[in-house]
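*Asks:*
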Amino acid sequence: MLPVLIIGQGLAGTAVAWRLWERGLPFLVVDRDEPVTCSKVAAGLLTPITGMRLTLNEDYGARLAEAVPFYRHKERLLGQRFLYARPAVRLFKDHQEPRKWERRAPDPAVQAFVHQRPRQPLVDPQLFNAPHGGFQMKHAGYLDTAAYLAASRAFFARHDRWQAAEFDLADLAITPDQVRWQGGPFREVIFCTGWEAMRNPWFDWVPFAPARGTILTARADLPGERRILHCGCWLVAREDGTLRIGSTFETKFTHPHEADPAKLAALQAQIRSFVKVPVTLLDQQTAVRPAIAGQRTLIGRHPARPRVLFFNGLGSKGTLLSPHFSRRLVGHLLDSEPIPAAMDVAGNL
Ligand SMILES: Cc1cc2nc3c(=O)[nH]c(=O)nc-3n(C[C@H](O)[C@H](O)[C@H](O)COP(=O)(O)OP(=O)(O)OC[C@H]3O[C@@H](n4cnc5c(N)ncnc54)[C@H](O)[C@@H]3O)c2cc1C
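Counting with our numbering, you get residues 6 to 354 for the letters of the sequence shown.
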C-alpha cells in the first residue's frame, strides 16, 4: 500500500501520523525542523473555562475524553511523560467578574468542571495579589508539547517515517492515482503546515486569521504552587522548575518570531502586579497560532484535487483538539467516513 505524505510535524501533523500508525498505514512526515514553531513553544494548556466571558469551551468534556487516552497511549509507547493533570485557578480581574461568574456558575455543565472545595484562601496572599477572589477548575492540565513532539519525531525517524526537508509545492506531482514527491509515490498528501498554509495557493481561499503570541520562561520562588493560574495572563510551574507565562495575542504582525514590544511590556507588567515575589525572566519565544475565522478547525480534501488534504485552524487549542480532528480525518481517509459540513474545508470554497 502506498504511504501517505504528511507535510508539517506540529500538533496537527503529529496527531495524524499517530492515527495512521494506530491503523497500520505507512506514511512519511516531512518537516523543516525549525527550532521555534507554534507547537514547540505552546504552553499546551487544557483549560475548561476561559475568556473574558468565563464560558465553558465548546465540547470540552468530549474532546478531553478523547485527548487524555490519546496522549497516555503515546506516553506508554514512548516511555516518557508529557501530559500533566493540574487544577486551574481563574482569579477575577475586577469587582465585576464575580457577578458575571454568579450568572455562569449554576449551569450544571459548568459545575462539572468546578472544584467545589478549593483551598482557602484560593491563592497564598504572601505570593499573589488576588483581591477579587476566583474559582478553581478540575479536569485541566498541560501537555509538554516540545517533549511530545521530539519523542514522536524520534519514534517516527526510527521507523523511517520522518524526514527533515523544506517542502516546495513545485516538487509535487499529482496524477489521478497518486502523488509523487522526491521520486516517491504516495497515495495522498496532507498539509499540516500551520499558519503558513496561507501561502499555499491550493488553500489561499480559506479565511485564515492567524494570531502571533509571545510566551515567557521565568523563575520565581512560589512554594507549594503547582496549579495553572489565570489572572488576565496565566502562569504555570513546569516539571523542570521553570515557570511559563503567557501570552500575548496579536492579529496584526509582520515577522512571525518577533515579539511586539508594547504587548510584551504589558504582559510583564501584568505578571509583576500579580506575583508579589521577584520574577526572573529567562527567555521568550514568539510564534503564530494557525487560526481560521470563526475559531474553526477545518479538515478534508481539496474540492478539485481529492488526493490533497488539509488539517488546520487549531488556533489556541491544539492540545485539546488535535486528537479528535486527526481521528476524523484519518477515518475519512481510510473508511470514507463523512466529514461534518462545519469542519469540512471544501465547504469553505
Ligand atoms: C504563544 C502561544 C501559546 C499557546 N498556548 C497554547 C496552549 O496553552 N494550549 C494549546 O492547546 N495551544 C496553545 N497554542 C496553540 C497551539 O500551539 C496550536 O494550536 C498548534 O501548535 C498548531 O499546530 P499546527 O500543527 O497546526 O501548526 P504548527 O505548530 O505551526 O506546525 C506546522 C509545522 O509545519 C512545518 N512547516 C510549515 N511549512 C513547511 C514547509 N514548507 N516545509 C516543511 N515544513 C513546514 C513547520 O515548521 C511546523 O513544524 C499556543 C500558541 C502560541 C503561539
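The C-beta atom is built at its ideal place from N, Cα and C for all residues, glycine as well.
1. Between which two residues does the beta strand (DSSP E) containing Ile-276 stretch?
2. Can you tell me the Cβ-Cβ gap for Glu-193 and Leu-314, rounded? I've got them flagged as a contact below 8 Å.
3. With distances taken Cα to Cα, identify the nearest neighbour of Gly-218 among Val-21, Ala-47 and Met-6.
4. May I ask you to check if the CB of Cys-43 is nearer than 7 Å to at least one heavy atom of ligand 1?
5. DSSP state of Cys-236, grouped into three classes?
6. Based on Cα-Cα distance, which residue from Thr-222, Gly-229, Gly-251 and Ala-225 lies nearest to Cys-236?
7. Using DSSP with H/G/I as helix, E/B as strand and the rest coil, what is Asp-112?
8. For Ile-179, is the beta carbon positioned less than 7 Å from some heavy atom of ligand 1?
9. Does the count of Cβ pairs from the segment 145 to 161 and the segment 88 to 104 closer than 8 Å reach three?
10. Of the choices Val-293, Thr-324 and Glu-342, whose alpha-carbon is the least far from that of Arg-68?
11. Would you call the segment 179 to 193 and the segment 98 to 115 in contact, with 3 or more CB pairs under 8 Å?
12. Taking the C-alpha atoms as reference points, what is the distance between Lys-307 and Gly-229?
13. Does Leu-25 come out as helix, strand or coil in the three-state DSSP assignment?
14. Output the residue ranges of the beta strand (DSSP E) runs that lie fully inside the segment 111 to 178 and measure 3 residues or longer, sorted by chain position.
15. With distances taken from CA atoms, which of His-337, Gly-318 and Glu-107 is nearest Gly-15?
16. Short of 8 Å in beta carbon distance, which residues of its chain neighbour Leu-269, apart from the five on each side in sequence? Order them along the chain.
17. From Glu-39 to Ala-169, what distance separates their C-alpha atoms?
18. What does the alpha-carbon distance come out to for the pair Leu-354 and Gly-56?
*Replies:* Let's see:
1. Premise fails: Ile-276 lies in the alpha helix (DSSP H), 266 to 279, not in any beta strand (DSSP E).
2. 6 Å
3. Ala-47
4. yes
5. strand
6. Gly-251
7. coil
8. Remark: the shortest separation between the CB of Ile-179 and any heavy atom of ligand 1 does not fall under 7 Å.
9. These segments touch.
10. Thr-324
11. Taking 8 Å as the limit for Cβ pairs, the verdict is that the segment 98 to 115 does not touch the segment 179 to 193.
12. It should be pointed out that residue 307 corresponds to His in this sequence rather than to Lys. The alpha-carbon atoms of His-307 and Gly-229 are separated by roughly 51 Å.
13. Reduced to three states, the DSSP call for Leu-25 is helix.
14. 139 to 142, 146 to 148 and 167 to 169
15. Gly-318
16. Within the same chain, Thr-219, Thr-253 and Gln-289 come within 8 Å of Leu-269 by CB-CB distance, once the 5 residues on both sides are set aside.
17. Cα-Cα distance, rounded: 9 Å.
18. 30 Å
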